[in-house]
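One structure below.
Number of protein chains: 2
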Amino acid sequence: MPPAKSLAQQLAAKQREISVAEFFERNRQILGFDNPLRALLTTVKEGVDNALDACEEAQVLPDVKIEIDREGTDRLRVAVEDNGPGILKREIPNVFGRLLYGSRFHANRQSRGQQGIGISAAVLYAGLTTARPAKVTSKVAEEEAAHVVELLIDTQKNLPKVVSEDLLLWDRPHGTRIELLLKAKYQRGRQSPFDYLKGTAIVNPHARLTLVEPDGTKVTYERASNDVPPVPKEVAPHPYGLELGELAYRLKASNKPTVSEVLQKELAGVTPRAAREILELAKISGKSSPGDVHGEALERLLEAMHTVPLVAPSAESLSPIGPMLIKRGLRNVLGEVRPEYYAPPVSRPPKIRGGFPFLVEVGLVYGGGLPADQPVQLLRFANRVPLMFQQGACAVTNAVQNLDWRRYGLDQKGGQGLPSGPCLILVHVASTKIPFTSEAKEAVAEDPELDKELTLALQAAARHLRTHISRRTRREFAGEKFAIILKILPKLAEKTSALVGKPIPDLTPVITKIMDVVSVETTVAPEGGGIAAKTEVTNYTPRARVLEVFVEMPQELFPVAKFDQAPEGTDAELGRAWWTLDKLVPSARASLRVTFPKGSEVDASDLSWFIAGVDEAHLLGAEPLPGDWDVRLPRAVIEAAEAGLEPIPGSEEGEVDYDAAEGSAGVEDDEG
Amino acid sequence: MPPAKSLAQQLAAKQREISVAEFFERNRQILGFDNPLRALLTTVKEGVDNALDACEEAQVLPDVKIEIDREGTDRLRVAVEDNGPGILKREIPNVFGRLLYGSRFHANRQSRGQQGIGISAAVLYAGLTTARPAKVTSKVAEEEAAHVVELLIDTQKNLPKVVSEDLLLWDRPHGTRIELLLKAKYQRGRQSPFDYLKGTAIVNPHARLTLVEPDGTKVTYERASNDVPPVPKEVAPHPYGLELGELAYRLKASNKPTVSEVLQKELAGVTPRAAREILELAKISGKSSPGDVHGEALERLLEAMHTVPLVAPSAESLSPIGPMLIKRGLRNVLGEVRPEYYAPPVSRPPKIRGGFPFLVEVGLVYGGGLPADQPVQLLRFANRVPLMFQQGACAVTNAVQNLDWRRYGLDQKGGQGLPSGPCLILVHVASTKIPFTSEAKEAVAEDPELDKELTLALQAAARHLRTHISRRTRREFAGEKFAIILKILPKLAEKTSALVGKPIPDLTPVITKIMDVVSVETTVAPEGGGIAAKTEVTNYTPRARVLEVFVEMPQELFPVAKFDQAPEGTDAELGRAWWTLDKLVPSARASLRVTFPKGSEVDASDLSWFIAGVDEAHLLGAEPLPGDWDVRLPRAVIEAAEAGLEPIPGSEEGEVDYDAAEGSAGVEDDEG
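In order, the protein sequence lines correspond to chains U and H. So the first sequence is numbered by my numbering: it starts at 657 and just counts up by one. So the second sequence is numbered by my numbering: it starts at 657 and just counts up by one.
This is the structure we're talking about:
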């Protein structure tokens, strides 16, 4: 009889390895598959993310089609098809049938998929809920036919199990299609595939996205840009944020002959000079073999790397959307809402956290058809992917909630929480490694460095919003007053004249005296296929004025702008042109016109008109020259000032820099 | 010259397996290691969870010691030591040096650690940040010496790398100690190890926990109970919530000869009769080999299993804390706060979600030293482990926030969000599989079944709170009035009598007339080593009363209670005793006394006194008989009613069942 097993032995006998597929099958909520609605969205999302990544790598304009069909009461057939480079037959099983397998995890550059989990997780879930294999069709350019592979995941081993293989003559030159049958639920509205595609279209204006819903409805988001974003460059890790264990491993794994070479060639930002300084500080000979550095020397080396100033991390590994395309993406998708104001999008310079570069971009849209009495819409994005769930657990949400939006013109209870108003805020975080709170990639984890950048970007966008709201309020108020006077005075004059039997007098001097403003009316309207922007300046003040008119537009519009009246000066880099209106007498009107050719994307918020030569208090419908414009003051203004006509305007510009008080005075300087 | 590689080939060449250790090293925020404060807490938590699980498996009263020492500016040495069964030497490297390895993942029963990730993640983080190995000391009962193993994790392979091995004569008979040096930060206050231990002590009243802080301060939580919770039984999975893929796998992997046997022996809740019905409905022969069931037959089988009624999932795999120990745990730890009220804890019956049984328990404490003007304190627990982070992302928090606490006597803006008041709410979710939102196990994912149970449990606790608050308010109000009358009337009478030169009249009839109440005063006080609970009933109404007095106490106290006056009846199961006070004339007083022996844990909130025989409006200091008590009305009340003295009380009991309106009328019925 064998001796009875001790408790420790019994416990030891139960110890087992857990396959990563088994783990996630049991904890599928972590991957975003905890209910039928979310399961569908996660599947679509993983499919589309992969498709866009593949197209970007191949520098192809993406054309992605998502088809969702009902099959029985609680099942959906989901297909995602792309025109990417395709996948070699031998790689298909691993790419789709194995968790923690992929090409982007080890690459230190921005991409949508980074974990090597996503699409295999969808295959796992489909197999779990319907026991049906995934069907993958893929064709690479150099082969005649496409390969069709049906596969399941062996969860106990986390390995693909190929069920069938076939060849297919496909009409596409190259591309991939994956089809899955899964327990899922289709629903329109918030957090639907439709919503997800809309978000994807905004931040991927170069992609054409088509969704076929179960009832046959077909929605297409057309491209708003024909430029494929460049493939971000793979860069070596930067020593900032490098941990001791990681450094030890890198030294051991390197095949460079000396420590000095490892520093310079396998890490980013270390110049030969910095390498010398680091090694000197760490008291290590540059000629030591990398494998010989351990213990205290290793610790000194890391400390020295964190002490010696290094070249800042490069942004080449990142792929920001950029202000122009953020605006274009928003405009493309928000068309039906017709927002009244697109704030100039903010794209912050790259920073570094834990060795990984990241950057933050913010877009902000206001007014028009956006609902005024509800919380603002927050669109969160990470590496050009919309984040659809777990808004409450996300660092992006926190940053928005912690800003006092009352200072920028939005309602917000107690200066905390999501503000209310007809406003949509887009936040994009791009990084070679997004710190997601879980493998479902739905929320970004808190981090002080990230929070700082988010706050600075949000503040910069919020300042534009504040300016817009205060301008609008002022204009509305003065405009109402003006309208009343123009309406009532003539009637009053008419009646009075009739009563006393005298002719109706000329009212202009009276109106002029009451109003005492220079009135500016600007319009932007389609005209003969193109677009015409016009401004009309009327002098309703009792004296003659020498006025300087400035127009500012996005840099890329400037070369195609045509001016009816030749400007007195232009600055193409800043997108500015200006004119002098000489001696505009009381009641006189002058107009200026700029036209843009057919196909131009211009709306009212693209053109800003500024007037110099009149005090802000006497200006209606345009802005005085901003105080921070670093331009030599135009001739007319100087002359006028010298003649004592008006004080030099602009210096009293109303915008107080609240943010300086919040410790972020450097915002404007950091940009550029 | 080899031909140039195509793009698809280049991409394929980059495809690689990702080791799970590598994955988590890069995504350490997912495991709870994203900053030095959280890294410390996660390390302590994983260590203590393992220690408590091990002790429970060995049925040993846990004695766990945590030592935290500073080493350099940003490093801490953390040691967790237990008196568990110890780990066999050959298992030490795998248990501590390999992610996704463990004994509890495949066991279908409640335990703290379920993922096989926790403590290895701490070893991984320590290695990453300090490059120092973990030092594990472990001794099993049957060996003379302890083994000391130093190890690191080879992240590329996710395998342990043993650095040194040694033997040690240890003074413990058995146990395990793990020591780690890691980049971390110690801080007291919210989310500190101290806070974590406090929470752990509440829900593990059988554990002794000692913390030695870096400055040498030693804090010990002594046991409040000497009963080790029983080891939850491993049960077969229940067919409810079983998915198709899982069923297919179970059939294929089974070594039973027939499908019928698989159903009955490898699944829970399927009786022979249910198995017959299932197979009949699915049109499958019971004698078929399990491996032969696939395709449509498999789908029919699953559907039949979800159609035929089965035995409910057993609670044997769960280890609830239980109402008595929840209260004892709270009292043990909240001693210094001296709350005025402990609501009877709620322990819901087990339910099932996705095939896994779970249950919800709620404790609620009110008043005393708890801050009145702040949000309530919410203590979240999963499988007896405190959840310290991500409160906002947790289903437990959501359930608390979605309840309208204004109906239960707490302040809450708009009936949504965390309520305010001197209140602490403890919520414990126990399950064989907790659906955590990430591997850091800090928040529970949303789930409709779970949400329903959370809401029902919270409502049940909240109803007790409402009763307490309304009693207190009524008592305070009436008591003030009474006090004023008793003080002012005699003085008034004295002065008036002196003025008119007459003797002071007997005021009792007057007081009786003004007050018109039966006044009840109850006290609980230590007495001769034991505890005495007393009630005094005074008839301040103008007529004689036949009153019935009920006392109710926790079931476990009943056997040790001694009654000075023999009760007219008792119900040991409900913990009730009652007496009849015959013909209590106006101004007469009667008293009843119950004593408990030395060592009893009794306080005022354990005993509830109820009075029948007087209308609620005329009762001060006690409650009328609750309307839902299913007791035959005692003799005196019936007689009194028949004599037309008073209406039968209790039927107008003031508590409206708000919850019925919220669609949860079944609360009371579900319990018991």
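Think of the CB as a built atom: it goes at the ideal place given N, C-alpha and C, for glycine as much as any other residue.
- Neighbours of Y1022(H) across chain U, judged by C-beta separation under 9 Å, do not exist; the nearest C-beta is about 27 Å away.
- For V704(U), the secondary structure class from DSSP, reduced to helix, strand or coil, is helix.
- For I1125(U), no chain H residue has a Cβ inside 7 Å of its Cβ, as the nearest lies near 27 Å away.
- Counting other Cβ atoms within 10 Å of its Cβ, P1146(U) stays below 16 and is therefore classed as exposed.
- In the structure shown, E922(U) adopts coil according to DSSP, grouped into three states.
- For the C-beta of A904(U), the chain H residues within less than 7 Å are, from N- to C-terminus, A787.
- Note on the region 1161-1227 of chain U: whole beta strand (DSSP E) runs with a minimum of 3 residues are 1173-1183, 1186-1196, 1201-1208 and 1225-1227, in chain order.
- Interface with chain H (9 Å Cβ-Cβ cutoff): D1067(U) is excluded.
- For Q766(H), same chain residues with a beta-carbon under 8 Å away, outside a window of 5 residues either side, are P888, S973, L974, S975, N1039, A1086, S1087 and T1088 in chain order.
- Ranked by Cα distance from D709(U), the first of R1232(U), G742(U), H950(U) and D725(U) is G742(U).
- For I934(H), there are no neighbours in chain U by C-beta distance under 8 Å, as the nearest C-beta there is about 18 Å away.
- Contact note: S662(H) reaches chain U through V796, A797 and E798, using a C-beta cutoff of 7 Å and chain order.
- Looking at L1248(H), V1176(H), E1224(H) and D1259(H), the one whose alpha-carbon comes closest to that of P1280(H) is V1176(H).
- Annotation: the continuous beta strand (DSSP E) that includes P1001(U) extends over Y997 to S1003.
- Residues of chain H whose Cβ lies closer than 9 Å to the Cβ of D1103(U) are, in chain order, Q685, D690 and N691.
- Shown here for Q812(H): same chain residues with a beta carbon closer than 8 Å to its own, the five before and five after excluded, namely S675, A677 and E678 in chain order.
- Nearest CB-CB separation between P870(H) and chain U: not below the 9 Å threshold.
- Contact check for P1000(H) and P1031(H): beta-carbon distance about 24 Å, past the 8 Å limit, so the pair fails to qualify.
- In the structure shown, E723(U) adopts extended strand secondary structure according to DSSP, grouped into three states.
- If you draw a 10 Å sphere on the C-beta of K1169(U), you find fewer than 16 other C-beta atoms in it, and that means exposed.
- Only residues of its own chain outside the window of five on either side were considered, and among them T914 and V915 have a CB closer than 8 Å to the CB of S944(H), listed in chain order.
- Relative to the Cα of T786(H), the nearest Cα in the group N764(H), K839(H), V700(H) and P692(H) belongs to K839(H).
- In this structure, the beta-carbon distance from L898(H) to T927(H) does not fall below 9 Å.
- A check of alpha carbon separations from H962(U) across K983(U), H894(U), R906(U) and Q920(U) identifies H894(U) as the nearest.
- Taking a C-beta distance under 9 Å as the contact criterion, P870(U) and D725(U) qualify as a contact pair.
- Leaving aside the five residues that flank I748(U) on each side, the residues in its chain whose CB is nearer than 7 Å to its CB run, in chain order, V792, S794, H803 and V805.
- Around H1274(U), no beta-carbon contact reaches into chain H at under 9 Å, the shortest distance being about 46 Å.
- For G783(U), the uninterrupted alpha helix (DSSP H) run begins and ends at G774 to T786, by DSSP.
- Under the DSSP assignment, F752(H) falls outside any beta strand (DSSP E), being part of the alpha helix (DSSP H) whose first and last residues are I748 to G753.
- Among the residues facing chain H, S675(U) is included, as its CB has a counterpart in that chain under 9 Å away.
- Under the Cβ criterion (8 Å, minimum of three pairs), the region 1059-1078 of chain U counts as touching the region 1104-1118 of chain U.
- Against V884(U), chain H offers no close residue; the least beta-carbon distance is about 14 Å (beta-carbon pairs closer than 7 Å).
- Segment contact: the region 846-854 of chain U against the region 758-765 of chain U, fewer than three CB-CB distances shorter than 8 Å; contact not assigned.
- Per DSSP, A1246(U) is one residue of the beta strand (DSSP E) stretching across R1245 to F1252.
- Take the alpha-carbon of S1126(U) and the one of L1276(U): they are about 13 Å apart.
- Distance from the Cα of G1024(U) is smallest, within the candidate group E1183(U), G1010(U) and G991(U), for G991(U).
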